[in-house]
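Going by my numbering, the sequence shown opens with residue 175, and the numbers climb by one from there. Glycine included, every Cβ here is placed at the ideal spot set by N, Cα and C. Just so you know, these numbers come straight off a predicted model, no measurement behind them.
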Amino acid sequence: MVPYLQILFGAVTLMGIYSVFKSLLFNMHMFQLNGYRFSTHVGWIRKNLGRYAVEYIVFALSFTGLISHNALMGFSAAALLVAVGAIAVENRNRPQKKPLVYTPRVKRMFVTTCILIFAAFGGAVFALTTERKNIAFMILGLIVALAPLSIVLANAINKPVEMAVNRYYLNDAKRILKLSPELETIGITGSYGKTSVKFYLYTILRAWTDTLVTPSSFNTPMGIVITIRKSLKAVHRIFLCEMGAKWVGDIKELCDIVHPKHGIITALGEQHLESFGSKENIIKTKYELADALPEDGRLYVNFDNETIRKNLPKRPFITYGTTPDCDYYAFDEKVTAKGTSFKVKAPDGEVYPFDTKLLGHHNVINITGAIAAANGFGMPLSEMKRYVRRIDAVPHRMQIVNRGEVTIIDDAFNSNPAGCRAALSTLSQMEGERILVTPGMVELGKEEYQLNREFGEFAAACCDKIVLIGKKQTEAIREGIVSKDYPAENLLCFEEFTEAMKHLYAMKTDKKKIILLENDLPDNY
C-alpha cells in the first residue's frame with residue numbers, strides 16, 4: 175500500500191473509533207428507551223430512517239474499497255473519511271432528557287458489541303497483510319455504517335445470558351416473598367392514574383402499618399424484582415405494587431411474580447394503543463389483574479371511567495368515584511387557592527370531609543380510590559383526614575411550581591387523552607393568563623392523529639395562549655385548534671422546549687402567567 179493510503183487508513187481508523195463510540199452510545203440509548211424489544215426498535219428505526227442518512231453514504235462508499243486502482247482508491251478513502259467524520263459530528267452532542275442508564279445489561283451489551291467490532295477490525299488489519307489491501311477500507315466503512323445494528327446483534331447474542339440472569343433474580347424475588355407469608359400485596363394498574371393512586375395510598379397507609387411501595391414508575395418485571403430484593407423486610411405487612419403494561423400478557427406476567435391478593439384498576443383508556451393494537455386488548459390486559467386475584471381478594475375500580483362501566487369485571491368489585499352509585503362516593507368538591515376540599519360517603523353511609531393540597535377533579539377521584547383501598551385494610555376514614563392533607567403531587571403529574579409571577583403546572587409525564595383533558599379543565603378554572611405548552615401525545619397507533627386533533631379542539635376552549643413544540647409532531651393539534659377559529663396570534667410553535675419557555679418568561683402580560691406543561695416526549699421521539 176502506498177504511503178498516502180496508509181495515512182488515510184490510519185485517519186479513517188481514528189475517526190471511525192470516535193464515530194463508532196458516539197454512535198453506539200446514541201443507539202444503545204434508543205434501544206433502552208424502546209424497552210430492548212427488537213420489534214419496537216426496528217419500528218422506531220423505520221420511522222427515523224432520516225437520522226441514518228450519513229450511515230447510508232458510508233455504507234455505499236465502503237464498497238468503493240473494492241477498487242484496486244490506487245488513485246481511485248485514494249479518492250474513495252478520502253470521501254469515506256469525510257463521511258465518517260460527519261457521523262462523528264452528528265453524534266457529538268445530542269441533547270438528552272433522560273440519559274442512558276448503565277445497567278448491568280447495558281454493560282454486557284457493550285462488551286459483546288466491542289468484541290464484534292474488534293473482530294471485524296482484526297479482519298481489516300489482516301487485509302493489510304494480503305494482496306487485497308483495498309478490502310481494509312471496505313471493512314472499516316462497514317464497521318461504522320453498521321454500528322447501529324451491532325447493538326441489536328449483541329442483544330440477540332446475549333439473549334441466553336439475559337434470560338438466565340433474569341431467571342435467577344426472578345426466582346430470588348419469589349423466594350423472598352415466600353419468607354413473608356403474611357404480606358398482603360395489592361396490584362395497582364390502569365391506563366393512567368396508577369402511579370398517583372399508589373403514592374396517595376402509600377402516604378395514607380404507611381401511618382397505619384408497615385408498607386412497601388414500588389418506587390417512582392417501577393412497574394416492569396425487573397423493576398418489581400429489584401424492589402423486592404432490595405427493599406422488602408420482614409416487618410412489611412402491605413406491598414403496593416404498580417403494574418405497567420404495553421403488551422397483552424404483561425399484567426399476567428407481573429401477577430405470576432407477586433401473586434396479588436387485592437387490586438386497583440384506576441382507568442381503562444387509549445394509552446399505548448400502538449403496542450396493544452386495540453382498545454379491546456387494553457381492557458383484556460388490565461383485567462388480567464382481576465383474573466389473578468383470589469376469591470377473598472378485593473378489587474377496586476374507578477367507576478367514573480366510562481370504559482370500566484361498559485366493561486365490568488367478571489368478579490365482585492368495589493367502586494369509587496364521583497357519582498352517587500359508587501361504594502365510595504366523593505362529592506361537594508371545592509377548589510381554592512390552597513387546594514381542594516371534598517367529602518366522601520363510605521359504604522356504611524357515613525360522610526367524611528377531606529382537604530388536599532392538590533388541584534384537579536381527577537386527583538379527587540384518585541385520592542378517593544386510595545381512601546377506599548386503605549379502608550379495606552382496616553384503616554377508619556376518620557383517621558385518614560390528616561394524612562390526606564399530607565399528600566403531595568407526584569413529580570410531573572399536575573405538580574404546581576410557583577416561580578414569582580409565573581405558576582407552572584407540571585404535567586409532563588401525562589400522555590393520554592383523558593389525562594390531557596383533565597389537566598386542561600383544571601387550567602381553565604384558574605385565574606390568570608392560561609398557557610398550554612405541549613408536543614402532543616404519542617403511542618396511540620392509528621388513532622393518534624384524530625386524538626391529537628381532538629386535544630387541540632379542547633385546548634382552544636381552555637387556553638389564552640397555546641405553544642406547540644415541534645411543527646411536524648403537532649400538525650394534528652394545530653389543525654384542531656385552527657378549526658375552532660382560535661386567534662392566530664395566540665398560537666405559537668417552537669422546535670425546542672427551552673426556546674419556548676424563554677419566550678414565555680420574557681412575554682409581557684398584565685395577568686399572572688399560568689403555564690401548563692402537558693406531556694414531554696422521550697428522546698426516541
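- Between Pro-591 and Gly-443, the gap from beta carbon to beta carbon is short of 8 Å.
- For Cys-667, the pairing in a beta bridge is given by DSSP as Leu-642.
- In the DSSP assignment, Glu-557 falls within the alpha helix (DSSP H) that extends over 555-563.
- In chain order, Ile-439, Ala-441, Leu-442, Val-475 and Asn-476 place their CB closer than 8 Å to the CB of Ile-482, counting only its own chain and leaving out the 5 sequence neighbours on each side.
- Boundaries of the alpha helix (DSSP H) harbouring Leu-314: 309-319, taken from the DSSP string.
- Listed as beta-bridge partners of Tyr-502 by DSSP are Tyr-494.
- Pairing Val-562 with Lys-645, the inter-Cα distance amounts to about 41 Å.
- If only uninterrupted beta strand (DSSP E) runs of at least 3 residues are considered, none is enclosed by the segment 201-228.
- The C-beta distance from Arg-608 to Leu-601 rounds to 5 Å, short enough to meet the 8 Å contact threshold.
- The continuous beta strand (DSSP E) containing Leu-690 extends over residues 687-692.
- In this structure, Thr-385 is the residue among Ala-680, Val-299, Thr-385 and Leu-320 with its C-alpha nearest to the C-alpha of Phe-551.
- Of all alpha-carbon atoms in Ala-419, Leu-375, Pro-490 and Ser-370, the one lying nearest the alpha-carbon of Asp-465 is that of Pro-490.
- Taking all protein chains in view, the Cβ of Ser-236 is crowded by 16 or more other Cβ atoms within 10 Å, so the residue is classified as buried.
- Going by DSSP, Asp-584 is part of the beta strand (DSSP E) stretching over 580-585.
- A distance of 8 Å or more separates the beta carbons of Glu-557 and His-436.
- Between Glu-692 and Ala-596, the gap from beta carbon to beta carbon reaches 8 Å or more.
- Cα atoms of Thr-214 and Thr-286: separation of roughly 21 Å, rounded to the nearest angstrom.
- Contact between the segment 450-462 and the segment 413-432 is present, with at least three C-beta pairs closer than 8 Å.
- In terms of Cα proximity to Cys-288, the closest of Ile-317, Leu-274, Ile-313 and Glu-669 is Ile-317.
- Distance from the CA of Ile-492 to the CA of Ala-548, rounded to the nearest whole angstrom, comes to 13 Å.
- Using a Cβ distance threshold of 8 Å, Val-568 and Ile-689 do not count as a contacting pair.
- For Lys-426, the enclosing alpha helix (DSSP H) has its first and last residue at 424-432.
- Sixteen is the threshold: since fewer than 16 other Cβ atoms of the shown chains lie within 10 Å of the Cβ of Ser-405, the residue is exposed.
- Counting the other CB atoms within 10 Å of its CB gives Leu-467 a total of 16 or more, which places it among the buried residues.
- In the three-state DSSP reduction, Phe-632 falls in the helix class (H, G or I).
- A Cβ-Cβ separation of about 15 Å leaves Asp-684 out of contact with Asn-664 under the 8 Å criterion.
- The C-beta separation of Ser-365 from Ile-456 comes to about 6 Å, placing the pair in contact by the 8 Å criterion.
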